[in-house]
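In our numbering, the protein residues as written are 45 to 328.
Cβ atoms here follow ideal geometry from the backbone N, Cα and C, with glycine treated the same way.
See below for the structure under consideration.
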């Protein structure tokens with residue numbers, strides 16, 4: 045009986061306990077997210093499916109960061125949003141099923157969002173997300189770059205304004221910079237037929253590699269302009285080019301006759317494929 049009383053008393057004590065589960069309040073630490081500015085290229089802008097469109101911009105990583113920063117004092121995050129989702133200045137790619145069952149991406153069959161897409165929106169700024177698809181780091185300090193890039197042309201106050209001047213027109217308390225991929229990407233995706241530049245000569249061809257001298261000059265200019273007011277930020281590096289999905293690391297001579305693990309099979313496979321080729325030829 046004594047044990048029953050003790051058990052009952054214990055249950056009463058437990059029942060009277062109310063758990064106090066207070067969620068941890070987000071904190072910005074030493075950072076100040078009041079004015080977050082994101083500088084970069086396609087990935088920063090929200091470029092997707094081969095073009096730029098509204099929902100892609102809304103899904104950009106800076107916008108997602110800004111949504112989290114808002115829980116720790118982050119302010120408004122303004123983006124130069126396009127009016128529609130079809131893509132501009134080219135239609136986006138979507139998954140499609142062909143008559144042969146292929147799931148290869150195909151061009152969207154809808155109408156391009158031309159109304160208002162190419163309109164200069166500088167007056168509605170300044171913007172927090174100033175990512176420009178296709179831009180190289182070295183392009184940020186070049187006057188007139190906007191005449192060659194329609195995405196940049198939307199954002200500058202004149203064709204001769206540099207992307208850097210436009211991007212830093214909004215004072216930042218925190219920033220992210222993700223630049224540099226396009227300074228080598230065009231060379232890599234073009235098969236390495238461009239030029240590896242040296243010195244401070246500005247390479248107009250996008251299949252050239254920016255020189256380290258010019259790249260350093262431009263990168264320092266971007267960061268120094270952002271930090272001139274004491275703002276803190278994060279500098280994002282570029283991945284190893286061979287880890288980008290565009291590329292594979294297959295060697296130029298994967299089928300080596302001298303390889304004892306595979307070499308003896310080459311002659312046999314060639315004979316079999318020759319017979320198969322005859323069948324395909326007969327079938328037309």
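Boundaries around residue 83 are those of the beta strand (DSSP E), 80-84, since no alpha helix (DSSP H) includes it. Under the three-state reduction of DSSP, residue 278 is assigned to strand. For a cut-off of 8 Å, the C-beta gap from residue 151 to residue 124 is around 24 Å, too long to register as a contact. Of the residues assessed, residue 210 falls on the buried side of the cut-off, its CB having 16 or more other CB atoms within 10 angstroms. By the neighbour-count criterion, in which a residue is buried when 16 or more other Cβ atoms sit within 10 angstroms of its Cβ, residue 136 is buried. Judged by DSSP secondary structure, residue 138 falls within the beta strand (DSSP E) whose first and last residues are 137-139. With contacts defined by Cβ atoms closer than 8 Å, residue 70 and residue 88 do not form a contacting pair. With contact defined as three or more Cβ pairs closer than 8 Å, the stretch 186-199 and the stretch 268-278 are not in contact. Secondary structure of residue 92 (DSSP, three-state): strand. When 313, 213 and 264 are compared, the shortest CA-CA separation from residue 168 is found for 213.
If you draw a 10 Å sphere on the C-beta of residue 259, you find 16 or more other C-beta atoms in it, and that means buried.
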